[in-house]
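Undergrad:
There are 2 protein chains.
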Amino acid sequence: MHVTLSATLAANEDIARRRRSGERVLHLAFGEAGLPVHPALLARLADAGGSNGYGEVAGLAALREAAAGYWSRRELPTDPDLVVCGPGSKSLLFGLLVAIGADPGEWRSPGDMVLPMPSWVSYAAQAEIVGVRPILVPTPAGEGGVPDPDQVRSAVLHARAQGRTVRSVLATLPDNPTGRLARPETVRRLAEVARELDLVIISDEIYRDLVHDPQATPFLSPADVAPERTVITSGLSKSLALGGWRIGVARLPHTPDGWALRQRLLAVASEIWSAPAAPVQHAAAYAFAEPEEIVERIDDSRRLHATVARAVADRFARAGAKVDVPQGGFYLYPQIPGFDSSDELARTLLDRHGVGVLPGTAFGDEPRSARVRVATSLLYGETAEQRLAALHGSDPLSLPWVAESLDYLEEALGGLTTKEPSRARRGMFLAPAPAR
Amino acid sequence: MHVTLSATLAANEDIARRRRSGERVLHLAFGEAGLPVHPALLARLADAGGSNGYGEVAGLAALREAAAGYWSRRELPTDPDLVVCGPGSKSLLFGLLVAIGADPGEWRSPGDMVLPMPSWVSYAAQAEIVGVRPILVPTPAGEGGVPDPDQVRSAVLHARAQGRTVRSVLATLPDNPTGRLARPETVRRLAEVARELDLVIISDEIYRDLVHDPQATPFLSPADVAPERTVITSGLSKSLALGGWRIGVARLPHTPDGWALRQRLLAVASEIWSAPAAPVQHAAAYAFAEPEEIVERIDDSRRLHATVARAVADRFARAGAKVDVPQGGFYLYPQIPGFDSSDELARTLLDRHGVGVLPGTAFGDEPRSARVRVATSLLYGETAEQRLAALHGSDPLSLPWVAESLDYLEEALGGLTTKEPSRARRGMFLAPAPAR
Chain D
31 MHVTLSATLA ANEDIARRRR SGERVLHLAF GEAGLPVHPA LLARLADAGG
81 SNGYGEVAGL AALREAAAGY WSRRELPTDP DLVVCGPGSK SLLFGLLVAI
131 GADPGEWRSP GDMVLPMPSW VSYAAQAEIV GVRPILVPTP AGEGGVPDPD
181 QVRSAVLHAR AQGRTVRSVL ATLPDNPTGR LARPETVRRL AEVARELDLV
231 IISDEIYRDL VHDPQATPFL SPADVAPERT VITSGLSKSL ALGGWRIGVA
281 RLPHTPDGWA LRQRLLAVAS EIWSAPAAPV QHAAAYAFAE PEEIVERIDD
331 SRRLHATVAR AVADRFARAG AKVDVPQGGF YLYPQIPGFD SSDELARTLL
381 DRHGVGVLPG TAFGDEPRSA RVRVATSLLY GETAEQRLAA LHGSDPLSLP
431 WVAESLDYLE EALGGLTTKE PSRARRGMFL APAPAR
Chain S
31 MHVTLSATLA ANEDIARRRR SGERVLHLAF GEAGLPVHPA LLARLADAGG
81 SNGYGEVAGL AALREAAAGY WSRRELPTDP DLVVCGPGSK SLLFGLLVAI
131 GADPGEWRSP GDMVLPMPSW VSYAAQAEIV GVRPILVPTP AGEGGVPDPD
181 QVRSAVLHAR AQGRTVRSVL ATLPDNPTGR LARPETVRRL AEVARELDLV
231 IISDEIYRDL VHDPQATPFL SPADVAPERT VITSGLSKSL ALGGWRIGVA
281 RLPHTPDGWA LRQRLLAVAS EIWSAPAAPV QHAAAYAFAE PEEIVERIDD
331 SRRLHATVAR AVADRFARAG AKVDVPQGGF YLYPQIPGFD SSDELARTLL
381 DRHGVGVLPG TAFGDEPRSA RVRVATSLLY GETAEQRLAA LHGSDPLSLP
431 WVAESLDYLE EALGGLTTKE PSRARRGMFL APAPAR
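Here the protein sequences come in this chain order: D and S.
If you read the first sequence in our numbering, its first letter stands for residue 31, the second for the next number, and so on.
If you read the second sequence in our numbering, its first letter stands for residue 31, the second for the next number, and so on.
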């Protein structure tokens with residue numbers, strides 16, 4: 031398990047090092063949204079600098095009210111006092127892991143949790159830090175982010191029969207790494223199983239507003255069908271590209287258990303991070319209120335992410351990969367025949383073809399299934415100007431820097447089946463490497 | 031142990047509730063610096079809003095270099111790569127607790143730690159979350175922040191004889207709650223003991239720049255005498271009143287062990303908080319470079335904290351309390367005769383005299399010793415204008431709102447010895463309560 035703590039870091043550092051030494055690497059390994067901050071948020075941050083008091087651990091009332099409104103507009107009426115803010119939804123997920131099921135006065139037995147396989151790198155790594163053992167359950171074929179409910183049931187019953195305490199199950203809607211959105215039927219069935227087994231559902235919905243086509247792939251939250259046991263986490267790192275600002279929000283169940291969980295979560299939060307940076311909270315309150323300019327920005331971002339993720343999936347498919355069409359966010363999770371493991375595949379893509387991705391093993395996937403996570407959001411450009419052109423243009427794929435990267439990728443993938451270095455790769459030291 | 035997780039929160043919420051209901055309470059329970067943000071830092075924050083990438087987990091290079099310069103100017107030459115930044119030094123202390131001594135691949139045995147008794151509320155609470163058992167060792171009489179070195183030695187040898195693993199000892203220089211600075215001899219002796227027992231020293235120096243009179247009370251860091259085993263944590267919450275901005279820094283030992291600790295700390299950080307808010311990091315880099323205007327601001331703050339803390343200590347002394355003169359920060363820790371416990375004392379001060387403080391038990395002190403922590407920094411005023419007047423005035427004690435609070439306190443304390451409600455308190459419902 032130890033390796034998962036820094037697999038992403040190590041991969042990204044490796045890519046950065048190669049680039050510094052002049053090697054050309056197409057960086058498809060990092061889940062950063064790759065877009066500039068909306069000017070209205072810059073203005074709010076600047077105005078709020080004087081907010082320097084420690085403030086409430088749960089977050090500013092204005093932010094909690096705005097986040098409550100955000101969920102209420104999505105048919106989840108929300109009490110602002112059951113919203114807890116943190117410096118990134120990652121911190122909240124960690125705090126929840128400690129707080130869920132911890133008995134009062136005894137923090138060291140949070141109980142084990144069920145994770146989808148594959149799932150985001152940090153869930154299992156966080157679990158390791160606090161001594162929670164993850165139970166990895168595969169997602170249904172063609173889906174992602176929600177562990178197969180019937181397998182959850184048997185895995186939990188089996189673990190409990192062995193004396194283990196299992197308290198929670200995690201879902202990611204839509205999913206990182208697969209880019210897929212679990213079907214409503216799957217979410218409903220998970221809710222039934224969770225209710226039968228008395229599991230808390232942690233629903234990581236940080237990509238919710240980036241579902242590419244909400245008509246074609248309707249979004250159902252576990253909180254819609256099992257509100258009494260679902261905690262939702264979200265944030266602005268993806269929809270508004272504010273990863274570096276560190277802001278996340280959690281919505282707790284509107285039940286006595288939810289209130290008790292709030293108290294434990296606040297106790298943990300107060301001892302680890304206190305609260306998100308106060309000026310950031312003010313700007314986030316503006317964003318969660320969803321004024322028109324912010325809604326438009328997210329609409330534009332969603333279109334761009336969808337267009338580029340699908341174009342990249344298309345390149346992989348044409349090269350012979352098995353890849354489900356991305357349905358949300360900016361990821362795809364292709365499987366490539368002819369490789370023995372995802373590590374070998376990722377290494378080959380990097381060393382011989384100049385394409386940086388993360389192996390499926392980083393997401394807890396079977397080492398022998400040759401799948402990699404491809405993040406497409408760093409293709410929009412190197413500068414704010416390029417990125418804004420991609421965001422606002424009618425045809426981002428025709429922008430020279432985007433088209434050039436896609437061509438480079440296509441050539442790299444062409445070499446994969448022959449296992450020869452691609453032409454782009456062979457020429458990589460002939461001319462000085464461009465900035466990207 | 032559970033209660034320590036939220037004693038401060040509960041006390042502060044109780045005070046806020048009483049004030050909302052119209053009760054007058056002099057708020058001396060909260061360790062917030064109570065001063066406005068320096069305009070140069072507001073400008074840096076506003077300029078850095080566009081910094082929205084996730085960035086390095088260790089922190090921006092500019093910030094790490096500035097913090098390295100800060101320590102280098104204090105005769106601790108520092109490699110910027112051995113600086114790790116976090117959202118508040120609290121988060122770094124938590125991360126260190128997990129990372130220190132954790133064997134690679136096994137995070138759940140961080141080993142126990144020695145804490146001074148009394149010490150800041152969060153050390154023991156953090157330890158509880160990760161399953162570290164604190165060993166509380168009293169400070170030498172008249173000192174604070176450093177556990178008595180000879181008692182540390184015997185306590186650690188005793189614990190080890192019982193099979194416990196003890197890996198670290200913590201010091202707070204200068205101290206919260208006592209407001210005292212450990213003497214250089216005590217620090218030297220602690221370093222010797224730590225070396226003999228192979229303990230890491232965590233030196234929390236967040237109040238370092240607020241030592242009231244560095245000539246009279248010279249500052250010695252454990253890192254000056256045991257650099258190979260000392261981790262320093264610091265931040266800008268106290269010296270520059272940036273608590274709500276959440277920024278802290280840690281300096282790791284310049285040894286192979288220090289580099290290994292860095293890797294583990296980064297692994298933990300990357301899974302819990304990622305990095306401090308990027309715009310805040312840019313502003314903090316400016317502050318840690320210590321340009322003249324920032325140095326002057328800290329000088330002014332130090333003078334104000336010293337003046338008011340001593341004036342409050344004087345009021346306690348005149349009322350018959352046993353109180354050591356504060357030497358740093360904005361706290362004092364008086365003992366008042368005639369009470370059976372610190373809880374009873376704090377409750378009486380709040381219920382009968384309208385003065386909110388924290389009982390010594392919140393800091394792990396003996397329940398039967400009737401000591402309370404008094405924080406004096408919320409006396410500077412309610413508005414930015416009042417606080418700036420206190421900061422820049424030649425005689426802050428003569429400002430009407432400061433003088434009035436001190437008079438109120440004096441009257442309240444006068445009633446303590448008679449155990450009668452004070453006159454101020456008896457009249458508290460006769461007129462509408464003022465804002466504070």
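Idealized CB from N, CA, C, for every residue including glycine.
Predicted, not measured: the structure shown is a model, and the values here were computed from it.
If you check the beta carbons only, do S:Glu86 and S:Ala297 fall under 8 Å apart?
TA: Against a cut-off of 8 Å, the Cβ pair of S:Ala297 and S:Glu86 comes out as no contact.
Undergrad: Between S:Ala376, S:Leu203, S:Glu215, which lies nearest to S:Leu240 when the distance is taken from Cα to Cα?
TA: Per the Cα distances, S:Leu203.
Undergrad: Could you tell me the alpha carbon to alpha carbon distance between D:Asp370 and D:Thr378, rounded to whole angstroms?
TA: If I take the Cα positions, the gap works out to 11 Å.
Undergrad: Can you list, in chain order, the residues of its chain with a C-beta nearer than 7 Å to that of S:Asn42? Leave out the 5 residues immediately preceding and following it.
TA: Counting only Cβ-Cβ distances below 7 Å, and skipping sequence neighbours, we find Ala59, Phe60.
Undergrad: For D:Tyr337, which of helix, strand or coil comes out of DSSP?
TA: Reading off the sequence shown, one finds Thr at residue 337 of chain D, where the question assumed Tyr. It is helical.
Undergrad: How many whole angstroms separate the CB atoms of S:Asp142 and S:Ala189, which I take to be in contact at a CB cut-off of 8 Å?
TA: Correct: roughly 7 Å between the Cβ atoms.
Undergrad: Determine whether the beta carbon atoms of S:Leu429 and S:Pro66 lie at a separation below 8 Å.
TA: Not closer than 8 Å, so no.
Undergrad: By DSSP, does D:Tyr84 sit in helix, in strand, or in coil?
TA: Three-state result, D:Tyr84: coil.
Undergrad: If you follow the beta strand (DSSP E) that D:Ser264 is part of, which residue opens it and which one closes it?
TA: Counting along the chain, the beta strand (DSSP E) containing D:Ser264 begins and ends at 260 to 265.
Undergrad: Can you check which of these residues, D:Thr447, D:Pro69, D:Ser119, is closest to D:Ala280 by C-alpha distance?
TA: When only C-alpha atoms are compared, the closest one is D:Ser119.
Undergrad: If you count every other CB in all the chains shown that lies within 10 Å of the CB of D:Arg50, and 16 or more means buried, which is it?
TA: When all chains shown are included, D:Arg50 counts as exposed.
Undergrad: Locate the alpha helix (DSSP H) running through D:Ala92, then write down its first and last residues.
TA: Where D:Ala92 is concerned, the enclosing alpha helix (DSSP H) stretches over 91 to 102.
Undergrad: According to the neighbour-count rule (16 or more other Cβ atoms, all chains shown, within 10 Å of its Cβ), is S:Leu187 buried or exposed?
TA: The residue in question, S:Leu187, is exposed, as its Cβ has fewer than 16 Cβ neighbours within 10 Å.
Undergrad: Note down, in chain order, every chain D residue with its Cβ under 7 Å from the Cβ of S:Pro430.
TA: Here the premise fails: no neighbours, minimum Cβ distance about 23 Å.
Undergrad: Could you run through the region 274 to 293 of chain S and flag, in chain order, every residue whose CB is less than 9 Å away from some CB of chain D?
TA: Residues Gly274, Trp275, Arg276, Ile277, Gln293.
Undergrad: Check whether the region 420 to 439 of chain D touches the region 353 to 368 of chain D, taking contact to mean three or more Cβ pairs, one atom from each stretch, closer than 8 Å.
TA: Output reads no: the region 353 to 368 of chain D does not touch the region 420 to 439 of chain D.
Undergrad: Given a cut-off of 8 Å on the beta-carbon distance, is the pair S:Leu145 and S:Phe318 in contact?
TA: Against a cut-off of 8 Å, the Cβ pair of S:Phe318 and S:Leu145 comes out as no contact.
Undergrad: Using Cβ-Cβ distances below 8 Å, what residues of the region 154 to 170 of chain D are close to chain A?
TA: The displayed structure is made up of protein chains D and S, and chain A is not among them.
Undergrad: Hey, how far is the Cα of S:Glu158 from the Cα of S:Ile328?
TA: The straight-line gap from Cα to Cα measures roughly 34 Å.
Undergrad: Check whether the Cβ of D:Val182 lies closer than 8 Å to any Cβ atom in chain S.
TA: Not closer than 8 Å to any Cβ of chain S, the Cβ of D:Val182 fails to qualify, so no.
Undergrad: At what residue ranges does the region 328 to 404 of chain S contain a whole run of the beta strand (DSSP E), taking only runs of 3 or more?
TA: Runs found: none.
Undergrad: Can you give me the Cβ contacts of S:Leu166 inside the same chain, cut-off strictly under 7 Å, excluding the 5 residues immediately before and after it?
TA: Cβ neighbours of S:Leu166 beyond the five flanking positions: Leu145, Met147, Gly394.
Undergrad: Spatial neighbours of S:Asp44 within its chain, please: C-beta separation below 6 Å, excluding the five flanking residues on both sides.
TA: Nothing meets the Cβ criterion.
Undergrad: Whose Cβ in chain D lies nearer than 7 Å to the Cβ of S:Ala271?
TA: What S:Ala271 touches in chain D: Asn82.
Undergrad: How many angstroms separate the CA atom of S:Leu39 from the CA atom of D:Arg294?
TA: Going from the Cα of S:Leu39 to the Cα of D:Arg294 covers about 12 Å.
Undergrad: Taking contact to mean at least 3 C-beta pairs separated by less than 8 Å, is the region 394 to 405 of chain S in contact with the region 264 to 282 of chain S?
TA: Segments in contact, no.
Undergrad: Confirm, please, whether the CB-CB distance from D:Val385 to D:Leu56 is below 8 Å.
TA: Yes, these two residues count as a Cβ contact at 8 Å.
Undergrad: Report buried or exposed for D:Ala246, applying the criterion of at least 16 other Cβ atoms within 10 angstroms of its Cβ.
TA: With fewer than 16 Cβ atoms within 10 Å of its Cβ, D:Ala246 is classed as exposed.
Undergrad: What number of angstroms, rounded off, separates the C-alpha of S:Gly288 from the C-alpha of S:Pro117?
TA: About 21 Å.
Undergrad: Measure the CB-CB distance between D:Ser233 and D:Pro252 and report whether it falls below 8 Å.
TA: Yes; because the gap between Cβ atoms is below 8 Å, this pair is in contact.
Undergrad: Consult DSSP for S:Leu58 and reduce its assignment to one of helix, strand or coil.
TA: Three-state result, S:Leu58: coil.
Undergrad: Quick check on S:Ile324 - is its C-beta less than 8 Å from some C-beta in chain D?
TA: No, S:Ile324 lies away from the interface with chain D (no Cβ there is under 8 Å from its Cβ).
Undergrad: Beta carbons nearer than 9 Å to chain D: which residues of the region 221 to 252 of chain S have them?
TA: Answer set for the region 221 to 252 of chain S: empty.
Undergrad: At 4 residues or longer, and completely inside the region 207 to 258 of chain D: list those alpha helix (DSSP H) runs for me, N to C.
TA: As far as the region 207 to 258 of chain D is concerned, its whole alpha helix (DSSP H) runs of at least 4 residues are 214 to 227, 252 to 255.
Undergrad: With DSSP as the reference, please indicate the residues paired to S:Val114 in a beta bridge.
TA: S:Val114 pairs with S:Ala280.
Undergrad: With a threshold of 16 other CB atoms inside 10 Å of the CB of S:Pro134, please say whether the residue is buried or exposed.
TA: Low confidence applies here, because S:Pro134 scores a pLDDT of 48, under 50, leaving its location unreliable and the question unanswered by this model.
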